[in-house]
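**Q**
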Amino acid sequence: MNLFLPVPVLLPLVTAIALFLVRHHQKIQERLSNASLAVNLAFALSLLSATAGGNIFIHRMGMWPFPFGIILAADRLTGTMVVLAAAIVAACTLFAQGYLSTNQRREVFHPLIHFQLMGIQGAFMTGDLFNLFVFFEVMLISTYALLAFYYNLDQLEVALKYTFLNLVASAMFLVGISFLYAQVGTVNMADLSVKIRELGPQPLMVVTAFIFLFVFSMKAALFPMHLWLPSAHSISPTHIGAVLAGVLVKVGIYSIIRCAWLIFPGPFKVLQPMIMTIALVTIVWGALGTLPQRSLKRILAYSTINQLGYIAFGVALLSPLGMTAAIFYIVSHAFLKSSMLLGAGLNQKLTGTVDLDEMGGMMAKAPYASALMLVGFLSLAGIPPLSGFFSKLFLLQAGFTQGAYLATGLALLMGVISLYYNFTTYQRMAWGTGGNEAREAPATMYSSVSFLASFAVIFGIGAAWLYEWSHLVASQITRPELYINAMRNAL
Amino acid sequence: MIWFLSITIGVLVTAGAYLAMQRRLIQMVLGFSLLSHATNLMIVASGWVGDGFSPILRSYKAPDPATYVDPLPQAMVLTAIVISFAVTAFLLVIALMAYRSFETDDIDEMRRLKG
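First to last, the sequence lines map onto chains A and B.
Mapped onto our numbering, the consecutive letters of the first sequence carry residue numbers 538 to 1028.
Mapped onto our numbering, the consecutive letters of the second sequence carry residue numbers 3 to 117.
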């Protein structure tokens, strides 16, 4: 497996270039894209099963010795995240093939989404902080272009907002790296971990950790940096919004997890009250933000902010139990939210609108599409036996076990609001009367939404299995010495 | 010399932040470009050794690292420069597209025209 670690980076890269070359042949382009995504998903699954035993795979690019050179590494967390990315991007691309009509710039969509996939999977695989920056930029540049997809005025505004905010974050990322390099003289994650621990607690290191927290919170849309998310989700084309909600924000959370357990365990202990506060404010802000909205996609966007707050809450507990709950939440939310955004896009295709009141009466007009949304809303609201119930349950359990009563109580209270907004949203969408006539939608759109929505049921009924896996992941990442030793002893 | 580098970084950040907060797109793009130059200089500064030699070995003997400037940040900064170049080019294209559709590059004016 060590030898094959560059595949999740190289395969999308080669495919993207090939797709650009065949951009004038739509059929060939689609088939090539689908084939590459299938191979990528198959590889991701085999990576997941290879990491299940607890091995950490290391690939040293260019065979440089340990602390130098770029290292790709795969532990259980990486395996899980790569599978998430591969599955969701594949479903969204399949959806896009039905969603975009022939003259809608589909020739640039396929190369861009593969570049984005390369950045995402690279960010999950890399064991080098500067390389993480490079993969972030690969991911972001393709996202900027995808957000401005049709170059219409609303999308230009969203793309500008997202680009400028992320440029500030990227600049701060580099500032953070230069702070780190000036202090410890390395950018390899394992080496950083060892050297930062040797250096002991230092105010400047806490500042550096804070810079990284800021940068990754921007990607993860945590409270003060969440402003780009609602418009990016609702105005960009649906399949791009779904990749954003399902995978891109998780890259930010993933990086925070790596910082909290591998790179800066000490400084993050100092920052813990702050991260907890950010998480709680994000939960409250996201939950309340849904209430005045009329657009289905904007409600889902604010609900994403709400859910990211819950995930950050699990991370902020800084314990193996909280980590287990956070991993469970990440996996279930990634599938759930991307299925719901695609579902919203499906309803948009059927009725030509995302406005809830204009949509009205979807249950009668399009029973199957409406049922798919119902599964999503019930799961988001936290109704057993769907995945959303168990993700909240484990999180609150972890919070109460650690004695964070006030914070967990607040998170529980906001669960009630999420119950309220999910029910009223579905009610307005499905039960009303009037609204636009329903049109036809291609079968590929239905199948990709159904594929993603089925995980809400699978992870609900199979919650014990997913919890067991999340526990395995958490037990590996909360012992950073495993990762460090694997990198040191790599051949 | 490190004081000179620090002052340059400070001036670039100030000018960049000021420009980035203007209303015209082209000024914003230039501002972000200055900001990224400032961060690039910071990376170079992180490998700074006062009175160090440039990192070119003149013999096969193992060098004393304390007398050489660290070459790794300079390699990293090249990557960062290329990335900021690509992003700036993309932003200029977006600004141009916006200018063509609105006949202005003032953000407030655009919002007013869009209604």
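Glycine is no exception: its CB is placed at the ideal position from the N, C-alpha and C atoms.
Could you give the DSSP three-state label for A:A589: helix, strand or coil?
**A** Looking at A:A589 - three-state DSSP - the assignment turns out to be coil, as it is neither helix nor strand.
**Q** Evaluate the contact criterion for the segment 958 to 974 of chain A versus the segment 886 to 895 of chain A: three or more CB pairs, one atom per stretch, below 8 Å.
**A** Yes, since at least three Cβ pairs between the segment 958 to 974 of chain A and the segment 886 to 895 of chain A fall closer than 8 Å, the two stretches touch.
**Q** Does chain B have any CB closer than 8 Å to the CB of A:A719?
**A** Closer than 8 Å: yes.
**Q** Rounded to whole angstroms, what is the Cα-Cα separation between A:F960 and B:Y101?
**A** Each residue's alpha carbon lies about 43 Å from the other.
**Q** Assign A:G940 to buried or exposed, taking buried as 16 or more other Cβ atoms, counted over all protein chains shown, within 10 Å of its Cβ.
**A** Looking at its Cβ environment, which holds fewer than 16 other Cβ atoms inside 10 Å, A:G940 is exposed.
**Q** Whole angstroms are fine: how far does the CA of A:T615 sit from the CA of A:F661?
**A** Cα to Cα, the separation comes out at about 6 Å.
**Q** What does the alpha-carbon distance come out to for the pair A:L878 and B:F92?
**A** C-alpha separation (whole angstroms): 27 Å.
**Q** By a C-beta neighbour count over all protein chains shown, 10 Å radius and 16 as the cutoff for buried, is A:P602 buried or exposed?
**A** Answer is exposed; the Cβ neighbour count stays below 16.
**Q** Taking just the CA atoms, how far does B:K116 sit from A:A575?
**A** Rounded to whole angstroms, A:A575 to B:K116 spans 42 Å at the Cα level.
**Q** Spell out the partners DSSP gives A:S832 in its beta bridges.
**A** DSSP, once it has assigned bridges, lists A:D892 as partnering A:S832.
**Q** At 8 Å on the CB atoms, spell out the chain B contacts of A:F667, in chain order.
**A** Within chain B, the residues near A:F667 are M78, T81.
**Q** Between the segment 77 to 97 of chain B and the segment 28 to 42 of chain B, are three or more C-beta pairs nearer than 8 Å?
**A** Touching, yes, given that three or more Cβ pairs across the two stretches are closer than 8 Å.
**Q** Using a Cβ-Cβ distance under 8 Å, would B:P75 count as near chain A?
**A** Answer yes: the Cβ-Cβ gap between B:P75 and chain A drops below 8 Å somewhere.
**Q** Does DSSP put A:D728 in a helix, a strand or coil?
**A** A:D728 falls in the helix class under three-state DSSP.
**Q** Can you pull the chain B residues whose beta carbon is under 8 Å from the beta carbon of A:F701, in chain order?
**A** By Cβ distance, chain B contributes A22, M30, F34.
**Q** Counting only Cβ-Cβ distances shorter than 7 Å, please list the residues of the segment 82 to 108 of chain B near chain A, keeping chain order.
**A** Going along the segment 82 to 108 of chain B in chain order, one finds A82, I85, A88, V89, F92, L93, I96, M99, A100, S103 with a Cβ nearer than 7 Å to chain A.
**Q** Excluding five sequence neighbours on each side, which residues of the same chain lie with their C-beta closer than 7 Å to the C-beta of B:A22?
**A** Closer than 7 Å at Cβ, skipping near neighbours: M30, G33, F34, L37.
**Q** Just to make sure I have the definition right: I need the residues of chain B whose C-beta is within less than 9 Å of the C-beta of A:L690. Which are they?
**A** Chain B residues near A:L690: A100, S103, F104, M112, L115, K116.
**Q** Return the residue from the list A:M600, A:P604, A:A587 that minimises the CA-CA distance to A:R613.
**A** Among A:M600, A:P604, A:A587, the Cα nearest to that of A:R613 is on A:A587.
**Q** On the CB-based measure, 16 or more other CB atoms within 10 Å of its CB, does B:S8 come out buried or exposed?
**A** Answer is exposed; the Cβ neighbour count stays below 16.
**Q** Rounded C-beta distance between A:L702 and A:M755? I'm assuming under 8 Å.
**A** Confirmed, about 6 Å.
**Q** Give every residue of the same chain whose Cβ lies closer than 7 Å to the Cβ of A:A685, excluding the five residues on either side of it in the sequence, and list them in chain order.
**A** Contacts found: Q692, L693, A696.
**Q** Taking Cβ-Cβ distances shorter than 7 Å, what residues in chain B pair up with A:S916?
**A** Here the premise fails: no neighbours, minimum Cβ distance about 37 Å.
**Q** Comparing alpha-carbon positions, which option in A:G606, A:F988, A:L930, A:I836 lies nearest A:G851?
**A** It is A:L930.
**Q** Cα separation between A:T819 and A:L932?
**A** Computed Cα separation, rounded: 16 Å.
**Q** List, from N- to C-terminal side, the beta strand (DSSP E) runs of 3 residues or more that fit wholly inside the segment 931 to 972 of chain A.
**A** Correct list: empty.
**Q** Count the other C-beta atoms from every protein chain shown that fall within 10 angstroms of the C-beta of A:F667, then say buried if there are 16 or more, exposed otherwise.
**A** Under this definition A:F667 is a buried residue.
**Q** Could you give the first and the last residue of the continuous beta strand (DSSP E) run that contains A:I595?
**A** Start and end: 594 to 597.
**Q** When the distance is taken between beta carbons, is A:I1014 closer than 8 Å to A:S730?
**A** No, these two residues do not count as a Cβ contact at 8 Å.
**Q** For B:A47, which residues from the same chain have a beta carbon less than 6 Å from its beta carbon, with the 5 sequence-adjacent residues on both sides left out?
**A** Result list for B:A47: L7, in chain order.
**Q** Looking at A:I714: is its Cβ nearer than 8 Å to the Cβ of A:G664?
**A** No, these two residues do not count as a Cβ contact at 8 Å.
**Q** For A:A782, which of A:S840, A:L799, A:L828, A:G803 has the nearest alpha-carbon?
**A** Answer by Cα proximity: A:S840.
**Q** Between which two residues does the beta strand (DSSP E) holding A:A611 run?
**A** Taken as a continuous stretch (DSSP letters only), the beta strand (DSSP E) holding A:A611 covers 608 to 611.
**Q** A:W798: buried (16+ other C-beta within 10 angstroms of its C-beta) or exposed?
**A** A:W798 is buried by the Cβ-count criterion.
**Q** Could you check how far apart the C-beta atoms of A:V786 and A:M951 are, in whole angstroms? I think they sit under 8 Å.
**A** Actually they do not touch by this definition, with Cβ atoms about 18 Å apart.
**Q** Does the segment 737 to 755 of chain A come close enough to the segment 856 to 874 of chain A to have 3 or more Cβ pairs within less than 8 Å?
**A** The segment 737 to 755 of chain A vs the segment 856 to 874 of chain A: no contact.
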